[in-house]
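Asks: Be aware that the sequence shown starts at 0, since it is given in numbering that gives the first Met the number 0, and climbs by one per residue.
Note that CB positions come from ideal geometry on N, CA and C, so glycine has one too.
Mind looking over this structure? Questions follow.
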Amino acid sequence: MMPRALITGITGQDGLYLGELLLSKGYEVYGLIRGQNNPKRALVEKTLPGVHILTGDLTDLSSLIRALEAAKPDEFYNLGAISFVAYSWENASLTTEVTAKGVLNALEAVRLYSGDEPAKVRFYQASSSEMYGKVQTVPQDEDTLLWPRSPYGVAKVFGHYMTINYRESYGMHASSGVLFNHESPRRGPEFVTRKVSQAVARISLGLQKSIVLGNLDARRDWGFAGDYVEAMWLMLQQDVADDYVISTGETHSIKELLEKAFAVVGITDWEQYVEQNPEFMRPAEVDLLIGSSAKATKALGWSPKVGFEELVKMMVENDVVEQKALAGL
Ligand code: NDP
Ligand code: GDR
0 MMPRALITGI TGQDGLYLGE LLLSKGYEVY GLIRGQNNPK RALVEKTLPG
50 VHILTGDLTD LSSLIRALEA AKPDEFYNLG AISFVAYSWE NASLTTEVTA
100 KGVLNALEAV RLYSGDEPAK VRFYQASSSE MYGKVQTVPQ DEDTLLWPRS
150 PYGVAKVFGH YMTINYRESY GMHASSGVLF NHESPRRGPE FVTRKVSQAV
200 ARISLGLQKS IVLGNLDARR DWGFAGDYVE AMWLMLQQDV ADDYVISTGE
250 THSIKELLEK AFAVVGITDW EQYVEQNPEF MRPAEVDLLI GSSAKATKAL
300 GWSPKVGFEE LVKMMVENDV VEQKALAGL
């Protein structure tokens, strides 16, 4: 029998990579899409041939139960969220409904669907390094104190502990991946890596003069999304559910990101193309993220394959091709 998986957030960066991974492993893949006429549906169907689309929303418990009844999954990957940290201050209540309470709805739907077999559906929760916020130790691992700094981070902490609580209360096979930033050519353009790779491509083609950013000193542990979805899958293949940090163990500032990205198109004096505007500064910043994935390496045999420079090169080169085509060059 083919294994079956249900993915929320399938239209997002990780949903597409995870869908590809699971299809390549012979899974029957079901994806939850929200909205009456989601513009990304065509992209999902093109990228994931054979995927089954179900409609529903994390804020609507009954839609999740119906999706479970239709998909009858062995594995449930909860990737859906309002995921843009900056937006979460402007829409804190909505972020809480989706990114926090949505996790409770997903867990509750799986619990109700599973009846007297609590571990029937293996559950993955997309937790985040944003939960560390005002970091207390370096590097951050599974035991580091959580001190979130944004409504998004607070919502993720709720989802994280609720996942642990359902595992401990009901015996569900529920795992959390505490994933550090991961990027790709599929990353949304609002996130800093893609904003930079698109701007660098356009500047090199003479289509744009400069890029306007916020804090250039923040440091992130950036990996490749394609590597990170492998870790999600590995977590659900374990006999016992657990929580794992997934990271590269390297940290780089936004300035270093700019330097490497401009270097891909042969520009070394990158400072002259960069402006700063308070509009892109956050009310509270996460200054330094660097993770330790020693537990995942030991227990799951996982380690990242793509390094920082290779990732930046992949994204800039992709955007040069994409921006050229868009501009008809
Ligand atoms: P994206 O922002 O690319 O995708 C988010 C997905 O959530 C989209 O498919 C979106 O659908 C869906 N979604 C939004 N609101 C709802 C809702 N009300 N009901 C159902 N689905 C909804 O995120 P990523 O792919 O980058 O990340 C995947 C998950 O991992 C997220 O939970 C994110 O918070 C978390 N995460 C991401 C990290 C990263 O660096 N990428 C690091 C750590 C955690 P739609 O297209 O309709 O908007
Ligand atoms: P982050 O990613 O908040 O870490 O959350 P983002 O790329 O938005 O910001 C990273 C850092 O860059 C600084 N920055 C800017 N960021 C954006 N978006 N735009 C700018 O113009 C800009 N200038 C500077 C930010 O201040 C920040 O320090 C991502 C999301 O995918 C979350 O969902 C996920 O949980 C975490 O990664 C891990």
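Given a threshold of 16 other Cβ atoms within 10 Å of its Cβ, counted over all protein chains shown, does Lys-297 qualify as buried or as exposed?
Replies: Looking up residue 297 in the sequence shown gives position 298. Counting Cβ neighbours within 10 Å, Lys-297 comes out exposed, since fewer than 16 surround it.
Asks: Smallest Cα separation from Asp-286: which of Ser-126, Ser-82 and Arg-148?
Replies: The residue you call residue 286 lines up with position 287 of the sequence shown. Nearest of Ser-126, Ser-82 and Arg-148 to Asp-286, Cα basis: Arg-148.
Asks: Of the residues Glu-19, Leu-288 and Ile-253, which one's Cα is nearest the Cα of Met-280?
Replies: In the sequence shown, counting from the first residue as 1, residue 280 sits at position 281. For the residues Glu-19, Leu-288 and Ile-253, the minimum Cα distance to Met-280 belongs to Ile-253.
Asks: Between the alpha carbons of Gly-14 and Phe-157, how many angstroms are there, rounded?
Replies: As a first step, residue 14 must be located in the sequence shown, where it is residue number 15. As a first step, residue 157 must be located in the sequence shown, where it is residue number 158. Taking the straight line from one Cα to the other gives about 22 Å.
Asks: In the DSSP assignment, find the alpha helix (DSSP H) that holds Ser-92 and state where it starts and stops.
Replies: Along the sequence shown, one-based indexing puts residue 92 at 93. 91-94 is the extent of the alpha helix (DSSP H) around Ser-92.
Asks: According to the neighbour-count rule (16 or more other Cβ atoms, all chains shown, within 10 Å of its Cβ), is Gly-114 buried or exposed?
Replies: Taking the sequence shown and counting its residues from 1, one reaches residue 114 at position 115. Burial call: exposed.
Asks: So Lys-304 and Asp-220 are supposed to be a Cβ contact under 8 Å. How far apart are they, rounded?
Replies: One-based indexing of the sequence shown puts residue 304 at position 305. One-based indexing of the sequence shown puts residue 220 at position 221. With 8 Å as the limit, Lys-304 and Asp-220 do not qualify as a contact, their Cβ atoms being about 15 Å apart.
Asks: By the 10 Å Cβ neighbour count, where 16 or more other Cβ atoms means buried, how is Met-1 classified, buried or exposed?
Replies: Taking the sequence shown and counting its residues from 1, one reaches residue 1 at position 2. The residue is exposed, with fewer than 16 neighbouring Cβ atoms inside 10 Å.
Asks: Please report the distance separating the alpha-carbon of Asp-140 from that of Ala-326.
Replies: Residue 140 sits at position 141 when you count from the first residue of the sequence shown. Residue 326 sits at position 327 when you count from the first residue of the sequence shown. The straight-line gap from Cα to Cα measures roughly 44 Å.
Asks: Excluding the 5 residues preceding and the 5 following His-172 in the sequence, name in chain order all residues of the same chain whose CB lies nearer than 6 Å to its CB.
Replies: Locating residue 172 in the sequence shown gives position 173, where the first residue counts as 1. Here the set comprises Ala-118, Arg-121 and Ala-240.
Asks: Run the proximity test for Val-334: is its beta-carbon closer than 7 Å to any non-hydrogen atom belonging to the ligand NDP?
Replies: A question about residue 334 goes unanswered here, because the residues of the chain that appear run from 0 up to 328.
Asks: Following the continuous alpha helix (DSSP H) through Tyr-29, name the residue where it begins and the one where it ends.
Replies: The residue labelled residue 29 in the question sits at position 30 within the sequence shown. Run containing Tyr-29: none in the alpha helix (DSSP H); it sits in the beta strand (DSSP E), 27-32.
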